[in-house]
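Chains as they are written, first to last, in our numbering: chain H, 61 to 451; chain R, 989 to 1354.
Glycine is no exception: its CB is placed at the ideal position from the N, C-alpha and C atoms.
Some notes on the structure that comes next.
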C-alpha cells in the first residue's frame, strides 16, 4: 500500500489487514487523536500524582518485606513473591512509564524521566534511547525498529530467513530467562556489528555505563543482601535470583504480546513516507504515524491486576498512540480509541493473555523455518486472536 | 550533637546506598518521615507571620530544615519547591531573611505574594505549620565579607527596594546578633525604598534598630521618593568608595548601577521575574543559548531548529515530542508547545525543545 494510490472515500481492506486511508482521512484521524490527547493532558492532576505515589509506596513496601522475609527460611517463597512483585512494579508500572516522561509534569525529581533509574541491569539512559526514541518513533518499520526480534529472533516474514533462525524457539527461551541482560545488551547492536554496519568502537561509550549498572545490581542482589543474612547466604542469593527470573519471564511475555501476536502489522520504510516536508523530501505524516501505531500494536484483555502488573502495556495500542500520557489513563480512553478505529475501519488487535501468548509462540516456531510462499502468505485467518471491527 | 551526626553519616554512607540502589536512600526515608533525609534538603513550616497586608501581602515563613541543611551565609538565597494545586512541584528562589545559620538550624524567608507568583502566593496565603517544602542548599555570593569578630573601619552601605530588602536584612541581623558594635567609628547605612508606608516590610524591627545605640543608620523612603544619585550623595558623599550591597526592582537597579559608574565596591543582586507572555505566538524577540553563548533573533521555529541553525548540536530523538531526549532547561521567557498551543512562562522549566517555540525573548541552557 502506498499513499499514491487512487484516493477513495471508502476504506478498503487488504489481505494483510492494512486498510487504505486517504490523506484527508489520515489527517482527520490524527486530529481526533490529538484532541483526545489534549483533553487528557488538561485533566492531569492530583489523582494521577496520588496514584503513582501510591504504586511507588506499595513497591517499596513489597521490596522491604521481600528483603526482610529472607531472614525466615520457611517464608522463602513469600519473600521471593514479594521481591518479584516489587521488581515487576518497579520495571513496568513505575520505571517504564516514568522513563517515558509520563509524570514529568509533576516536577518531582523522584518521578522524572531524566532522573529515574530502574531495578534492572539496563542503564535507564540507554534504555530511553533504544526504547523511547528508536522503538516508539519507528514502531514496526522493518530495518528501523530494532525491537522486531531484538536483533536475535525472526519475528516477521519480512526478515530474510537464514539457517541461524532454526534456533528461533531456543533463542526466544533464552531471551526470556535472561531478559534483563538481553535488554541491557540491546543497545550494543551486536547484530549490526556482526553484519559490519556498526563499528565496535561505537560501543565503547556504552560499555562503561552498562558495567557500572551491572556491578551495582549484582552487588546488591548477589553479594550484599545475601551477606546480610549471614548463614542464609545461599538461600537469599537463590531467592534474589529467583525474583529476577520471575520478573524476566513476566516482562518478556508481556512485551512479546505487544507487537508480535497475529494481527499486528509491520511496515516497510517506503510505505511510511506518505507526504513531503517543506523541502519536498518524503516524510511520514502525523496521521500515518498514529495509523502505524494502531496497526502495529496489540492489546491484552484482562482485569485491573493484569493491567497494573503489565504496567498498562496491556493497552499497548493506547500506549503507542500516547507514550507520554500517564498509563493509568489508557484503560479510561481505550473504549474511545476502539470506537475511533472502528469508524476508520482499522483493526484493533486484542485478546486474552493466553491467546496472545499462544499466537506469539506459534509465530516464533513458524518463522524458524523459511516462509512457505503458498499457504502462509497473508494469513487473515488468525480469526480468534484478533477482533477485526467492521467499519 | 554527635548522635545526630552519626545518624547522618550512616544515612549518607555508601553501604546504605549499595542496598537501596538504583534508588536513592531518600526515596525510602521519605516514605517513613518526610523530615528524614540523607542527601536531599527539605523543611517543615514552623510558623507563618504576616508582615504586611494590602494588595501584595508579605509573610515571614519560619522553616525547620532537615539535618542535611548545611547552613547559610547572610545574603544567600535558596530554591524552594512546593507542590501547588494540580500536583505540580514548582520551584522558586527566595532570599533568606534571617541571620546566618549553622547546619540544621531554622531559617526564615520573607516573601511577597506576587499576583503571578504561584509559589510566593502559595507560601503567603496557603502554607500552614507542618507543611513540608523542598529546599536546595544555600546559594549565591551576595554575602557579607565583613566579620563581626574581626572589625574593620569599613563603612557598609545597603541600598534596597521592595522585597530586595531581605538579603540586606539578613546582613544587618547577622552583624547585630554576632556582636556588631558601631562605636569603633564604623558605620552601617541602610537605605530602603518601599512603595508606601504600609508596604514597608520589617517596619517595627527597623525602627528598633534605628533607635538603638548601635551605629546603624536607617533611612526609609516611601512613595514618590525614588532613588536618585543626588540623594545618595547627600547621605554618603563617598558612596562610590563604600562597600555597597544593592538589591531591588530592575528600574531602581539600573539607576544604582549608573550612579556607581563601574565602581568595584558595588555588589548587586537581581531577581528573575516571570515574563508576561506576548500576545499570540510570533517571531519576535531574541533567543539565547546560555551555555554556548549563541543567540539570534527569534525566527518562530522550534528551539531545537533555532539552536541547530546557530550551529549547536543539542541531543534529540524523535523530533515530534514523544521521546524526551531533547529536554533542556529554559531559564527565562515564554515558549509555546507547537502540538497543543499551550504557552508557558515559568522560569527554570524543563521543556522538550523539538516541540517548543519561543514567544518573544527566551533563554535556554544549551
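Do you know offhand how far residue 78(H)'s Cα is from residue 202(H)'s?
Locating residue 78(H) in the first chain gives position 18, where the first residue counts as 1. Locating residue 202(H) in the first chain gives position 142, where the first residue counts as 1. Distance between the alpha carbons of residue 78(H) and residue 202(H): 16 Å.
Residue 315(H) versus residue 228(H) - alpha carbon distance:
Locating residue 315(H) in the first chain gives position 255, counting from the first residue. Locating residue 228(H) in the first chain gives position 168, counting from the first residue. Those two C-alpha atoms are separated by around 17 Å.
Reference residue 346(H), options 87(H), 80(H), 195(H) and 191(H), closest by Cα
Sequence index remark: in the first chain, residue 346(H) carries index 286 (1-based). Checked all of 87(H), 80(H), 195(H) and 191(H); the closest Cα to residue 346(H) is 87(H).
Residues of the stretch 265–286 of chain H whose Cβ lies closer than 8 Å to any Cβ of chain R, in chain order:
273, 276, 277, 279, 280, 284 and 285
At least one CB of chain R closer than 8 Å to the CB of residue 324(H): is that the case?
Reading the first chain from its first residue, position 264 is the one you call residue 324(H). It does not; no Cβ of chain R falls within 8 Å.
Need the endpoints of the alpha helix (DSSP H) that residue 1199(R) sits in, please.
Residue numbering aside, residue 1199(R) sits at position 211 when the second chain is read from its first letter. Unbroken alpha helix (DSSP H) run through residue 1199(R): 1191–1199.
Output, in chain order, the set of chain R residues within a Cβ distance shorter than 9 Å of residue 179(H).
Position 119 of the first chain, counted from the start, is the residue given in the question as residue 179(H). Within 9 Å Cβ-Cβ: 1009, 1010 and 1011.
Extract the residue ranges of the alpha helix (DSSP H) inside the stretch 1229–1311 of chain R, only unbroken runs of 4 or more that lie entirely within it.
1238–1248 and 1291–1297
Are the beta-carbon atoms of residue 375(H) and residue 394(H) separated by less than 8 Å?
For the purposes of this step, residue 375(H) is identified with residue 315 of the first chain, where counting begins at 1. For the purposes of this step, residue 394(H) is identified with residue 334 of the first chain, where counting begins at 1. Contact flag set, yes.
From residue 1097(R) to residue 995(R), what distance separates their C-alpha atoms?
In the second chain, residue 1097(R) corresponds to position 109, counting from 1. In the second chain, residue 995(R) corresponds to position 7, counting from 1. Taking the straight line joining both Cα atoms gives about 28 Å.
Considering only the alpha carbon of each residue, which of 1320(R), 1083(R), 1218(R) and 1030(R) lies closest to residue 1018(R)?
Position 30 of the second chain holds residue 1018(R). It is 1030(R).
Under 8 Å between C-beta atoms, does residue 153(H) make it to chain R?
As a position in the first chain, residue 153(H) is number 93, starting the count at 1. False, the Cβ-Cβ gap to chain R never drops below 8 Å.
At a Cβ cut of 7 Å, what residues of the stretch 117–140 of chain H count as close to chain R, listed as they run along the chain?
117 and 120
Going by the DSSP bridge assignment, what does residue 1226(R) pair with across the sheet?
By 1-based counting over the second chain, the position of residue 1226(R) is 238. According to DSSP, which records beta bridges pairwise, residue 1226(R) is partnered with nothing at all.
Report the CB separation of residue 324(H) from residue 302(H) in whole angstroms; it is logged as a contact under 8 Å.
Along the first chain, read from residue 1 onward, the residue named residue 324(H) stands at position 264. Along the first chain, read from residue 1 onward, the residue named residue 302(H) stands at position 242. Wrong, their Cβ atoms sit about 32 Å apart, outside the cutoff.
I'd like to know if the stretch 210–220 of chain H and the stretch 274–288 of chain H are in contact, where contact means that at least 3 CB-CB pairs between them fall below 8 Å.
no
Note down, in chain order, every chain R residue with its Cβ under 8 Å from the Cβ of residue 173(H).
As a working note, residue 173(H) is residue 113 in the first chain. Those within 8 Å of residue 173(H) in chain R are 1312 and 1315.
Residues of chain R with CB closer than 7 Å to the CB of residue 315(H), please, in chain order.
Walking along the first chain from the start, residue 315(H) turns up at place 255. What residue 315(H) touches in chain R: nothing, since even the nearest Cβ is about 18 Å away.
Could you tell me which chain R residues have their CB closer than 9 Å to the CB of residue 197(H), listed as they occur along the chain?
If you number the first chain from 1, residue 197(H) lands on position 137. Near residue 197(H) (Cβ distances below 9 Å), the residues of chain R are 1305, 1306, 1307, 1308, 1310 and 1311.
7 Å CB neighbourhood of residue 158(H) in its chain, flanking five on each side removed:
Translated into the one-based positions of the first chain, residue 158(H) becomes position 98. Result list for residue 158(H): 171, 173 and 176, in chain order.
What are the residues in the stretch 233–255 of chain H lying within 8 Å of chain R by C-beta distance?
none
Mind checking if residue 1262(R) is an interface residue toward chain H, Cβ cutoff 8 Å exclusive?
Position 274 of the second chain, counting from 1, holds the residue named residue 1262(R). Residue placement at residue 1262(R) is poorly supported in this model, since its pLDDT is 40, which falls under 50; the coordinates still yield a value, given next. False, the Cβ-Cβ gap to chain H never drops below 8 Å.
In chain order, what residues of the same chain have a beta carbon less than 7 Å from the beta carbon of residue 1162(R), not counting five sequence neighbours either side?
Taking the first residue of the second chain as 1, we reach residue 1162(R) at position 174. These residues qualify, in order along the chain: 1062, 1087, 1088 and 1132.
If we define contact as Cβ-Cβ less than 8 Å, is residue 1350(R) a contact residue for chain H?
For the purposes of this step, residue 1350(R) is identified with residue 362 of the second chain, where counting begins at 1. No, because no Cβ of chain H sits closer than 8 Å to the Cβ of residue 1350(R).
What does residue 929(R) touch in chain H if you count any residue whose Cβ is under 7 Å from its own?
The shown model of chain R, from 989 to 1354, leaves out residue 929(R), and the question about it has no answer.
Determine whether the beta carbon atoms of residue 1341(R) and residue 1292(R) lie at a separation below 8 Å.
Locating residue 1341(R) in the second chain gives position 353, counting from the first residue. Locating residue 1292(R) in the second chain gives position 304, counting from the first residue. Cβ atoms of residue 1341(R) and residue 1292(R): closer than 8 Å.
For the alpha helix (DSSP H) holding residue 1153(R), just list the boundary residues, first then last.
To locate residue 1153(R), count along the second chain from 1; it is residue 165. Segment 1153–1165, the alpha helix (DSSP H) holding residue 1153(R).
What do you reckon, are the CB atoms on residue 1181(R) and residue 1209(R) nearer than 8 Å?
The residue labelled residue 1181(R) in the question sits at position 193 within the second chain. The residue labelled residue 1209(R) in the question sits at position 221 within the second chain. Cβ atoms of residue 1181(R) and residue 1209(R): closer than 8 Å.
Who are the neighbours of residue 1092(R) on chain H, taking C-beta pairs under 9 Å?
Reading the second chain from its first residue, position 104 is the one you call residue 1092(R). The contacting residues do not exist; residue 1092(R) stays about 22 Å from chain H at best.
Output yes or no for whether 8 Å exceeds the beta carbon distance between residue 1304(R) and residue 1354(R).
The residue labelled residue 1304(R) in the question sits at position 316 within the second chain. The residue labelled residue 1354(R) in the question sits at position 366 within the second chain. Against a cut-off of 8 Å, the Cβ pair of residue 1354(R) and residue 1304(R) comes out as no contact.
Cβ pair count under 8 Å reaching 3, the stretch 203–212 of chain H against the stretch 1302–1319 of chain R
no
Best match in 265(H), 258(H), 364(H) and 417(H) for proximity to residue 317(H) [C-alpha to C-alpha]:
Along the first chain, one-based indexing puts residue 317(H) at 257. Among 265(H), 258(H), 364(H) and 417(H), the Cα nearest to that of residue 317(H) is on 417(H).
Chain H within 8 Å of residue 1265(R), Cβ atoms only:
Sequence index remark: in the second chain, residue 1265(R) carries index 277 (1-based). Low confidence applies here, because residue 1265(R) scores a pLDDT of 39, under 50, leaving its location unreliable and the question unanswered by this model.
Which residues in chain R have a C-beta closer than 8 Å to the C-beta of residue 106(H)? List them in chain order.
On the first chain, residue 106(H) is found 46 positions in, with the first residue counted as 1. Here the neighbours are 1073, 1074 and 1075.
Coil, strand or helix - residue 1348(R) by DSSP:
Here residue 1348(R) is taken as the residue at index 360 of the second chain, counted from 1. Residue 1348(R) falls in the strand class under three-state DSSP.
Any Cβ of chain R within less than 8 Å of the Cβ of residue 109(H)?
Taking the first chain and counting its residues from 1, the one referred to as residue 109(H) is at position 49. Closer than 8 Å: yes.
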